Ligand SMILES: [Zn+2]
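Numbering (this note's numbering), first residue to last: 66 to 328.
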């Protein structure tokens with residue numbers, strides 16, 4: 066089996082190398098049409114897709130076509146183009162057809178996950194993105210402001226935030242009340258905190274509230290008992306994490322931030 070983190074690193078390094086080649090120094094200089102053509106000989110075409118959001122038809126290394134569903138928002142269009150460039154550059158793919166689910170798969174180890182990590186890095190590369198998140202407490206409010214600047218989805222932006230922040234935090238995706246996958250920051254991992262995937266959401270979490278009451282997302286980060294999220298240690302009822310949870314299509318996405326008092 067491939068090493069997951071090594072493969073994801075390879076995808077990120079490949080994306081950064083392309084941007085360096087194009088002398089990109091700010092988010093508005095990431096011109097995907099130019100990158101697709103000059104680095105891969107891929108033309109962009111729009112429309113002609115029913116259920117798929119994007120399709121690659123190519124013959125590496127001579128190039129081909131990226132076809133994009135013309136009903137997508139500008140942010141989804143950009144992510145889909147970047148994802149298809151990833152299939153071409155990383156996988157040498159000749160034919161891929163991607164659904165909205167393929168473009169939102171971040172857990173596990175598949176070519177879709179690899180193409181998504183490549184796309185996130187192509188749109189929000191470390192050399193630009195790190196300075197956006199250093200010293201900033203992660204929250205959906207911050208994710209929104211960065212995603213507006215980079216013209217990216219909140220989902221992909223949150224993934225990058227957890228990847229490059231120095232703060233101890235985690236991004237948790239829950240589906241039908243079950244923790245589906247968890248991405249943690251390096252400092253969260255180094256401090257020995259753990260959130261297990263596959264477990265039902267604790268009833269004292271904000272994410273559970275959203276599922277059970279079908280309530281709207283929490284508007285601001287709120288205190289949640291640390292024991293409701295962090296299952297690996299014994300915490301008393303006066304120890305808290307900050308939780309910021311939102312509904313995202315059929316899932317709930319939670320940013321969990323560990324404050325100094327429980328370190
Ligand atoms: Zn794909």
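By construction, the Cβ of each residue, glycine as well, lies at the ideal position given by its N, Cα and C atoms. Remember, it's a predicted structure, so these values are computed and weren't measured experimentally.
- A Cβ-Cβ distance of about 17 Å is found for the pair residue 271 and residue 296, leaving them out of contact under the 8 Å criterion.
- For residue 271, the enclosing alpha helix (DSSP H) begins and ends at 271-278.
- Residue 246 is bridged by DSSP to 238.
- The shortest CA-to-CA distance from residue 324 to any of 161, 148, 256 is the one to 256.
- Proximity annotation: ligand 1 has residues 148, 152, 161, 163, 167, 177, 180 in chain order, each selected because its CB is closer than 6 Å to a heavy atom of the ligand.
- Shown here, residue 154 sits in a helix according to DSSP, grouped into three states.
- Going by C-alpha positions, residue 129 is about 12 Å away from residue 157.
- Contact between the segment 204-213 and the segment 223-236 is present, with at least three C-beta pairs closer than 8 Å.
- One alpha carbon belongs to residue 170, the other to residue 302, and they sit about 35 Å apart.
- Short of 7 Å from the beta carbon of residue 117, and not among the five residues preceding or following it, lie these beta carbons of its own chain, in chain order: 134, 162, 163, 164.
- For residue 109, DSSP records a beta bridge to 131.
- Nearest C-alpha to residue 115 among 137, 212, 180, 237: 137.
- The three-state reading of DSSP puts residue 318 in strand, counting E and B together.
- Closest in C-alpha terms to residue 241, from the list 122, 277, 258, 220, comes 277.
- Approximately 5 Å separates the beta-carbon atoms of residue 144 and residue 184; this is inside 8 Å, confirming the contact.
- The Cβ atoms of residue 79 and residue 107 do not sit closer than 9 Å to each other.
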